[in-house]
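Written out below as structure tokens is the structure these notes cover.
Number of protein chains: 2
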Amino acid sequence: MRAGVSRALVSIVFRGVPGASEAARERVLAAARDLDYRPDTRARRLGRSRTGTLGVVFSVGHAFHGDLLESLYEEAESAGYELVLSGVTRSRPEDQAVETLLAERCEGLLLLGSDFPRARLGALAERVPVVSVLRPVKAPGVDVVRTDDAHGMRQVVEHLVGLGHKGIALLDGGRAAGAAQRRQGFRAAARRLLPGRDEVLIPGGLTEEDGAQAAEAWLDLARPAPSAVAAFNDPCALGFIDVVRQAGVRVPQDVSVVGFDDVRQAGYAHVGLTTVRQEARQLGAAALRRLTARLDADEVDADGSDMGEVVIAPALVVRGSTAAPGR
Amino acid sequence: MRAGVSRALVSIVFRGVPGASEAARERVLAAARDLDYRPDTRARRLGRSRTGTLGVVFSVGHAFHGDLLESLYEEAESAGYELVLSGVTRSRPEDQAVETLLAERCEGLLLLGSDFPRARLGALAERVPVVSVLRPVKAPGVDVVRTDDAHGMRQVVEHLVGLGHKGIALLDGGRAAGAAQRRQGFRAAARRLLPGRDEVLIPGGLTEEDGAQAAEAWLDLARPAPSAVAAFNDPCALGFIDVVRQAGVRVPQDVSVVGFDDVRQAGYAHVGLTTVRQEARQLGAAALRRLTARLDADEVDADGSDMGEVVIAPALVVRGSTAAPGR
DNA sequence: GAATTCTACTAGAGCGCTCTAGTCGTGTCA
DNA sequence: TGACACGACTAGAGCGCTCTAGTAGAATTC
Numbered sequence: 012m013r014a015g016v017s018r019a020l021v022s023i024v025f026r027g028v029p030g031a032s033e034a035a036r037e038r039v040l041a042a043a044r045d046l047d048y049r050p051d052t053r054a055r056r057l058g059r060s061r062t063g064t065l066g067v068v069f070s071v072g073h074a075f076h077g078d079l080l081e082s083l084y085e086e087a088e089s090a091g092y093e094l095v096l097s098g099v100t101r102s103r104p105e106d107q108a109v110e111t112l113l114a115e116r117c118e119g120l121l122l123l124g125s126d127f128p129r130a131r132l133g134a135l136a137e138r139v140p141v142v143s144v145l146r147p148v149k150a151p152g153v154d155v156v157r158t159d160d161a162h163g164m165r166q167v168v169e170h171l172v173g174l175g176h177k178g179i180a181l182l183d184g185g186r187a188a189g190a191a192q193r194r195q196g197f198r199a200a201a202r203r204l205l206p207g208r209d210e211v212l213i214p215g216g217l218t219e220e221d222g223a224q225a226a227e228a229w230l231d232l233a234r235p236a237p238s239a240v241a242a243f244n245d246p247c248a249l250g251f252i253d254v255v256r257q258a259g260v261r262v263p264q265d266v267s268v269v270g271f272d273d274v275r276q277a278g279y280a281h282v283g284l285t286t287v288r289q290e291a292r293q294l295g296a297a298a299l300r301r302l303t304a305r306l307d308a309d310e311v312d313a314d315g316s317d318m319g320e321v322v323i324a325p326a327l328v329v330r331g332s333t334a335a336p337g338r
Numbered sequence: 012m013r014a015g016v017s018r019a020l021v022s023i024v025f026r027g028v029p030g031a032s033e034a035a036r037e038r039v040l041a042a043a044r045d046l047d048y049r050p051d052t053r054a055r056r057l058g059r060s061r062t063g064t065l066g067v068v069f070s071v072g073h074a075f076h077g078d079l080l081e082s083l084y085e086e087a088e089s090a091g092y093e094l095v096l097s098g099v100t101r102s103r104p105e106d107q108a109v110e111t112l113l114a115e116r117c118e119g120l121l122l123l124g125s126d127f128p129r130a131r132l133g134a135l136a137e138r139v140p141v142v143s144v145l146r147p148v149k150a151p152g153v154d155v156v157r158t159d160d161a162h163g164m165r166q167v168v169e170h171l172v173g174l175g176h177k178g179i180a181l182l183d184g185g186r187a188a189g190a191a192q193r194r195q196g197f198r199a200a201a202r203r204l205l206p207g208r209d210e211v212l213i214p215g216g217l218t219e220e221d222g223a224q225a226a227e228a229w230l231d232l233a234r235p236a237p238s239a240v241a242a243f244n245d246p247c248a249l250g251f252i253d254v255v256r257q258a259g260v261r262v263p264q265d266v267s268v269v270g271f272d273d274v275r276q277a278g279y280a281h282v283g284l285t286t287v288r289q290e291a292r293q294l295g296a297a298a299l300r301r302l303t304a305r306l307d308a309d310e311v312d313a314d315g316s317d318m319g320e321v322v323i324a325p326a327l328v329v330r331g332s333t334a335a336p337g338r
């Protein structure tokens, strides 16, 4: 039509499939350039039996999710899939984010740090392949790709005990993704390395605000308070440090603080935050591989039955926020 | 068909337009619930003359872009538009992000902190309405919604001079969005308030790493070095502080540091960063309003001719990273 | 009580692609 | 030389909606 060719030929050229001569191919591309034509994604996906899209649900403003997105984009590109992002914010719940992606007919879903109850995830997985990233969950048909949170927390406790700390408090993440595992890792290590000591759990959370609140609680504890604090994540640790500093408490001289995630800021805040590094690259790559493997497999054996879990080992990164206790 | 009704009726019900009885409406919705049916977005957009989607290009991991996204989601919802996100990462250039959105047939584009040269933006705006957020650019047909960067920087200089500082260095943002305006505001204020003083410009940038490098440069300056530093943004300021601290320089006693953006972390890092707050809510709302106004206007007068600029005033937030100079 | 208006629906074309099932001209082989 | 295969292309149905035009029946009007 445009370049004196049929629509079908144009389709052949743009899909890059065999069936067009070199000459025709060039003619079509030249005409397309002339007309500033580009195939309509919507129509493309409609016409095809498969949409070739993967939906990603992430928390807007969550630093570590950003790191994951970067890795996912790369992996998706090389796997030949397209990513459709759907953000979760304070006013846009996860339900809505997922709903959008389902209506978009994504072939699979990647949920970063999902907040869904197990049953909801299971139900979702019946409809479409789902990979839960960062959040371990035992639901049928749901793949999990996560960091070994318990192991990370164990390293934290070992590090602190190695420095000579006898009292360690955990700023707990409540029901956030991975929080249960970190709590469990903390408890196991504390019980092993500090027998007879009571565990101190202070409610914390994901944000600086949560850390700040936890700091108030820590300041209110009977003295001597634990000389070391393991926070649920980096922002929580930074919020904690900020408040205790304002109260005249020195870090790390008076209290050692450890974070979790190793977000980019961690290396630059304060004296440098000792933390546990999660490998965004590896997590993203594993998650995408998991999902595409399920999609590309024969429908027969990909029938939800064989769910899997990929666990990436984290590494302790020692910076300046931890030191031996005492004056 | 499904509930004993025609496809057209289903369409009427799901679009929420008049033309269906209450009874039929309920019957359709009940059947949809039963079948777990939801309208296919792709087909929906195809069948309509307008797609009802707005494309957003943002930098993945950029804290302030996250704040903007949150606001944009809300505004888009209440304006009856759908947002399509396209992220820019180190391996996914802005071209590609925009290309995706064009192929998706978005009705308008919101570019957060775009890096495109002016000509490229102008060309883009000929094809589709474009709003450049944060990045001031004089291109025909391109609307701009931004913070008054120059004014913000003027406030910074006034604050520092008010504290008694005589030498102020700027950690320059190079060609980043808004950098030229901040530089100009800095220069104008410095010339006015510190006449006869040489301007000190140190190459900085958007990230902690850039700030760290700038710190090395500042440490290498002939003593006495400027006793105050105005950074291009918060991460840059934090990176700067980190490095000079490690070199034994105290903040704010030995050097005052000011950031820009007021990202969430700014209040929690160090002694609390003095910074300039950009209003994400207002910026997002203004950007969306701008775009939808153009789209909803009659085609006649929306013909690219009347481009506009919305400038939001920023506010200085004084925290602990600034103080009077000297011992 | 026929004409008119309204409400509640349905038929069917169209959106811009993909993809199957062709057609047409050439080259290959027995 | 006829049968067959092959590469290069085209026709046209189909994807799941939207939306215009149209119909049937009930309510209203004069």
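Residue numbers (our numbering), protein chains in the order written: chain A, 12 to 338; chain B, 12 to 338.
Note that CB positions come from ideal geometry on N, CA and C, so glycine has one too.
Per-residue burial, residue i [other beta carbons within 10 Å of its own, 16 or more giving buried]
i, result
"aspartate 231 of chain B", "exposed"
"valine 311 of chain B", "Here the model assigns valine 311 of chain B a pLDDT of 42, short of 50, so the residue's position is not dependable, and the following value carries that caveat. Counting Cβ neighbours within 10 Å, valine 311 of chain B comes out exposed, since fewer than 16 surround it."
"alanine 258 of chain B", "exposed"
"aspartate 314 of chain B", "With a pLDDT of only 48 at aspartate 314 of chain B, under 50, the local geometry of the prediction cannot be trusted, and no value is derived from it."
"serine 97 of chain B", "buried"
"aspartate 160 of chain A", "buried"
"arginine 53 of chain A", "buried"
"alanine 190 of chain A", "buried"
"glutamine 289 of chain A", "buried"
"proline 336 of chain A", "buried"
"alanine 324 of chain A", "exposed"
"aspartate 253 of chain A", "buried"
Residue i at chain B interface by Cβ criterion, 8 Å
i, result
"aspartate 45 of chain A", "no"
"threonine 100 of chain A", "yes"
"tyrosine 48 of chain A", "no"
"glutamine 276 of chain A", "yes"
"aspartate 51 of chain A", "yes"
"leucine 249 of chain A", "yes"
Residues bridged to residue i [DSSP beta-bridge criterion]
i, result
"glutamate 320 of chain B", "B/Val155"
"threonine 4 of chain B", "Residue 4 of chain B falls outside the range modelled here, since chain B spans only 12 to 338, and no answer is possible."
"valine 328 of chain B", "B/Thr286"
"serine 97 of chain A", "A/Val68"
"glycine 119 of chain A", "A/Leu65"
"isoleucine 252 of chain B", "For isoleucine 252 of chain B, which the question treats as bridged, DSSP gives no partner whatsoever."
"proline 29 of chain A", "Beta-bridge pairing links proline 29 of chain A to no other residue."
"alanine 277 of chain B", "According to DSSP, alanine 277 of chain B bridges with nothing at all."
"isoleucine 213 of chain A", "A/Leu182"
"serine 267 of chain B", "B/Ala239"
"valine 141 of chain B", "B/Leu120 and B/Val153"
"aspartate 272 of chain B", "B/Arg288"
"arginine 103 of chain A", "A/Thr100"
Cβ of residue i within 8 Å of any chain A Cβ
i, result
"aspartate 253 of chain B", "yes"
"aspartate 312 of chain B", "Since pLDDT at aspartate 312 of chain B reaches only 48, below the 50 mark, its modelled position is unreliable, and the value read off the structure follows with that caveat. So no, aspartate 312 of chain B is outside the interface."
"proline 206 of chain B", "no"
"leucine 96 of chain B", "yes"
"threonine 333 of chain B", "no"
"tyrosine 92 of chain B", "no"
"aspartate 78 of chain B", "yes"
"glycine 27 of chain B", "no"
"glycine 72 of chain B", "yes"
"glycine 315 of chain B", "Only weak support is given to the placement of glycine 315 of chain B: the predicted model assigns it a pLDDT of 48, under 50, and the value that follows is read from those uncertain coordinates. Not one chain A Cβ lies under 8 Å of glycine 315 of chain B."
"arginine 131 of chain B", "no"
"leucine 171 of chain B", "no"
Contact belief for residue i with residue j at Cβ below 8 Å, rounded distance in angstroms
i, j, result
"alanine 298 of chain B", "valine 156 of chain B", "4 Å"
"valine 321 of chain B", "arginine 301 of chain B", "6 Å"
"aspartate 3 of chain B", "phenylalanine 75 of chain B", "There is simply no residue 3 of chain B to check, as chain B begins at 12 and stops at 338 in what is shown."
"alanine 108 of chain B", "leucine 132 of chain B", "No, alanine 108 of chain B and leucine 132 of chain B are not in contact; Cβ-Cβ is about 14 Å, not under 8 Å."
"arginine 165 of chain A", "alanine 200 of chain A", "4 Å"
"leucine 5 of chain B", "alanine 242 of chain B", "No statement about residue 5 of chain B is possible, as the shown extent of chain B runs from 12 to 338 and does not include it."
"leucine 1 of chain B", "valine 167 of chain B", "Nothing can be reported for residue 1 of chain B: it is not among the residues displayed for chain B, which extend from 12 to 338."
"alanine 180 of chain A", "isoleucine 213 of chain A", "6 Å"
"alanine 184 of chain A", "glycine 207 of chain A", "Sequence inspection shows glycine at residue 184 of chain A; the alanine mentioned does not correspond to that position. Between glycine 207 of chain A and glycine 184 of chain A the Cβ distance is about 26 Å, and since that is not below 8 Å, they are no contact."
"leucine 306 of chain A", "alanine 239 of chain A", "Incorrect: roughly 45 Å between the Cβ atoms, too far for contact."
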